[in-house]
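What follows is one structure encoded as structure tokens, with my remarks underneath.
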Amino acid sequence: MTERLVELFLSLVSIDSPSGKEQLLRSHVLKLLQKQGISYRQDAYGNVLAFVNCTENPPLTFACHLDTVPNAVGVKAIIQEGVIHSDGTTALGADDKIAVALALLLAENKDLYGPFGLLFTVGEEEGLLGAKNLDPSLFEQLHQVYVFDTG
């Protein structure tokens, strides 16, 4: 599973997603969820709530954000002595793409777990904009939420 987590993470950092420009990463995440047969709802702001092993009201939801700081664009990730870092010309974007990778890994291994949700928000780096503007119909579905954030 560790190798797959690294593979997912490296694929995610190769997709630019600074705040306000998360569309490409969101599209990539949605394709991966669809491949796993996972249903989801996207609100008008661009936040996504995925329903894993359930169709609504997940008892537990793991949250992460799709955006990165502005200087995590054009990332060239390097693995050196077992550590992943950027080539030094950009930020790596691990905040919060490692959490997105972990969420996707949980989705890929959904048969090992009971029902849960995955919440992907936007605009976190600019003041939690996605969370503050989360559609009430999605917010009402959240019971216990664990936020994966590396920052």
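Here this note's numbering is used: the first residue of the sequence shown is 3, the next is one more, and so on.
All residues carry an ideal CB built from backbone N, CA and C; glycine is no exception.
In angstroms with no decimal places, state the Cα-to-Cα distance between residue 49 and residue 69. Taking the sequence shown and counting its residues from 1, the one referred to as residue 49 is at position 47. Taking the sequence shown and counting its residues from 1, the one referred to as residue 69 is at position 67. Straight-line Cα distance between these residues: approximately 11 Å.
If residue 45 and residue 151 are in contact, beta carbons under 8 Å, what's the gap, nearest whole angstrom? Here residue 45 refers to the residue found at position 43 of the sequence shown. Here residue 151 refers to the residue found at position 149 of the sequence shown. The Cβ separation is near 20 Å, so there is no contact.
DSSP has residue 124 in a bridge; who is on the other side? Numbered from its first residue, the sequence shown carries residue 124 at position 122. Answer is none; residue 124 lacks a bridge partner.
Is the Cβ-Cβ distance between residue 65 and residue 123 less than 8 Å? For this step, residue 65 is matched to residue 63 along the sequence shown. For this step, residue 123 is matched to residue 121 along the sequence shown. In contact: residue 65 and residue 123 (Cβ atoms closer than 8 Å).
C-alpha gap between residue 170 and residue 145, whole angstroms: Lying before the first or after the last residue shown, residue 170 is absent from the chain, which here runs from 3 to 153.
Buried or exposed for residue 95, please, with buried defined as at least 16 other CB atoms from any protein chain shown within 10 angstroms of its CB. To locate residue 95, count along the sequence shown from 1; it is residue 93. Buried.
I want to know whether the stretch 13 to 22 touches the stretch 126 to 134 - three or more CB-CB distances under 8 Å. yes
Beta-ladder partner(s) of residue 119, from DSSP: Position 117 of the sequence shown holds residue 119. Answer by DSSP bridge pairing, in chain order: 53, 63.
Taking DSSP as the reference, what is the three-state secondary structure of residue 72? Numbered from 1 along the sequence shown, position 70 holds the residue referred to as residue 72. In the three-state reduction of the DSSP assignment, residue 72 falls in the coil class.
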